[in-house]
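Numbering of the first sequence is given in this note's numbering, commencing with residue 553 and proceeding in unit increments. Where a beta carbon is used, it is the ideal one built from N, C-alpha and C, also for glycine. Quantities reported herein were computed from a predicted structural model and do not represent experimental measurements. Comments concern the structure below.
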Amino acid sequence: MGYFTPSSTRIREILTKEKRIAEITHSDGSITILKVRILASGEYGLPTTRDLDYYRAFLKLLEETISRDGVFPEPIRLPTKTLIHYAGKQVSQKEVREVKNWIRRLHHTGIVGHVYNAQRGAYDELSGEPLFAKYRLRGQRLENNRMAETNYVWLASWFIKNYWHHYLRPIDFAFHKRLRKPIAKSLYPLLETGWYASNGQPYAKSYRDLCQEFLLTVHRAPSLIKQQLDPAHEELYREHFLAQWVYRKSTDKSDYIITYWPGEKFFQDQQARLERRERAAQLAKKAETASRPALAATTEGTLPSRYLLAEILEVCGDRQNQAAYFRLIQHYPEDLIRMALFETQQADREGRIKKSKGAYFTDTLKRLAHP
DNA sequence: GTTGCGGACCTAAGCTGTGT
DNA sequence: ACACAGCTTAGGTCCGCAAC
């Protein structure tokens, strides 16, 4: 989302200047330039790579809370020590202070302009909303006049909307920490997303877009581009996350396209995730049979399945078939549904859909499930 | 276009002085 | 004794620039 960047020196520039983040070329050839401004308060400073560590720890905590309770917490409890632990740091006064400042910083750093919405693959417009819409630190008074016994944060609506995207692709935190180069740290989630979306196929990325996302200098000479990116590429290669990468000139010669091949580590992670989800499903089934009459919730669906349904409706559009989609959710694994959904979006964008999106989606799902 | 050096800047860790 | 801010140092990244 361009909130955290590899180099924190340059963030200061964005404070005062608008940063161009993307160009959208419309079908009629006109171009819209999207800009983003990150407004930091002087007191708590700007989000840097250090904050990224806490951000990942926060995601992990959020994921655990959701898988334990089955609902999206509002507000979210963020115990200082757990957060420090998850960030892979030692608990000390310094870190405790750092966590509190981190929470304040993310509340006071507003985003104005356009933020990439990974789920839609498009840009959302924001007008100064911070990631943490509201927060209460331990010891502060809550609305109900009780003392907060831990830290609480309320998330911005744009984050919640995007959340399930993160939820499905949790980050290997130890791996993130192992990476030394800031560019490699930024590339890791980008490539994960790319490969996940393309189902393990090579992922191509425009060099210029990459620079804009990571706020890097755009070079023209291939040697300079290699000098800039290859140390990070090599680090990911050494970790078996990236199998191969190739540069080639874009068709209009003004840019480079970098194609990335997923390495062993990516596939292992996917496999481990699948197994984890199967185990979780089995456990859930056992719990269900043990206390069958009590579960009225299954008729409405759990929160993730309701969310999935909402996503299907958003892509396919027809509300009349809601019941049919719900049956699909219950009968097919989520991975498969997401794959079919992604393929439907892709086909729609390329104008390949002849009948209706709903029909295309259902058909694709069945073909994926029974090849 | 390419190569390689050095500057600006970063983080992490350790040390020191100060206030309680 | 302890917490804490500020300083130094070491090691590293990224970029600009000059020479080829």
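Query                                                                                                                                                                                           : Result
Mind reading off the beta-carbon distance from Phe818 to Tyr740? Whole number of angstroms is fine, and I expect it under 8 angstroms.                                                          : Contact flag wrong, Cβ pair sits at about 10 angstroms.
So Leu689 and Lys633 are in contact, right, with Cβ under 8 angstroms, and what is the actual spacing, rounded?                                                                                 : Not confirmed; about 14 angstroms, so no contact.
Considering only their Cβ atoms, is the gap separating Leu917 from Ile889 smaller than 9 angstroms?                                                                                             : yes
Output the boundary residues of the beta strand (DSSP E) element that contains Leu794.                                                                                                          : 794-801
Within the same chain, show all residues whose beta-carbon is closer than 6 angstroms to that of Leu720, passing over the 5 residues directly before and after it, in chain order.              : Confidence at Leu720 is low in this model, with a pLDDT of 41, below 50, so the placement of that residue is unreliable and no value is reported for it.
For Trp813, list the residues DSSP reports as bridge partners.                                                                                                                                  : Gln796
Please work out which residues of its chain come closer than 7 angstroms, Cβ to Cβ, to Gly768, disregarding the five sequence neighbours upstream and downstream, and give them in chain order. : Contrary to the premise, residue 768 reads as Leu rather than Gly in this sequence. Correct list, in chain order: Gln780.
If I follow the unbroken alpha helix (DSSP H) through Ala708, where does it start and stop?                                                                                                     : Taken as a continuous stretch (DSSP letters only), Ala708 belongs to no alpha helix (DSSP H), as it is neither H nor E.
Sort Leu743, Leu614, Asn751, Val770 by Cα distance to Lys757 and report the nearest one.                                                                                                        : Leu743
Alpha carbon to alpha carbon, how far is Lys805 from Trp706? Give it in angstroms, no decimals.                                                                                                 : 46 angstroms
Skipping 5 residues on each side, what residues in its chain have a beta carbon closer than 6 angstroms to that of Gly815?                                                                      : His792, Phe793, Leu794, Ala795
Please report the straight-line C-alpha distance between Thr811 and His785, rounded to a whole angstrom.                                                                                        : 12 angstroms
Using beta-carbon positions only, say whether Glu650 and Leu731 come within less than 9 angstroms of one another.                                                                               : no
Where Lys737 and Asn873 are concerned, what is the direct C-alpha to C-alpha distance, given to the nearest angstrom?                                                                           : 42 angstroms
Could you check which residue in His659, Gly910, Phe913 has the C-alpha nearest to that of Phe684?                                                                                              : His659
Which value, in whole angstroms, describes the spacing of the CA atoms of Ile905 and Leu880?                                                                                                    : 20 angstroms
Report the three-state DSSP secondary structure of Pro631 (helix, strand or coil).                                                                                                              : coil
Decide if Thr803 is buried, meaning its Cβ has at least 16 other Cβ atoms within 10 Å, or exposed.                                                                                              : exposed
Let me check one thing: in DSSP terms, what residues is Arg688 bridge-paired to?                                                                                                                : Tyr704
Taking the continuous alpha helix (DSSP H) assigned at Tyr740, which residues delimit it?                                                                                                       : 734-749
Could you tell me the alpha carbon to alpha carbon distance between Val798 and Val867, rounded to whole angstroms?                                                                              : 33 angstroms
Using only alpha-carbon positions, find the residue among His637, Asp821, Leu635, Leu614 that is nearest to Glu626.                                                                             : Leu614
Measure the Cβ-Cβ separation of Phe766 and Ile735 and say whether it is below 9 angstroms.                                                                                                      : yes
List the residues that DSSP assigns as beta-bridge partners of Tyr755.                                                                                                                          : Tyr812
How is the alpha helix (DSSP H) around Lys778 delimited, first residue to last?                                                                                                                 : 774-790
Considering Cα atoms alone, identify which of Ala639, Thr914, Lys778, His883 is closest to His728.                                                                                              : Ala639
With C-beta atoms as the reference, is Thr702 less than 9 angstroms away from Arg629?                                                                                                           : yes
Take Thr896 and list the residues in its own chain whose beta-carbon comes closer than 8 angstroms to its own, dropping the five residues that flank it on each side.                           : Val867, Cys868, Ile905, Lys909, Tyr912, Phe913, Thr916
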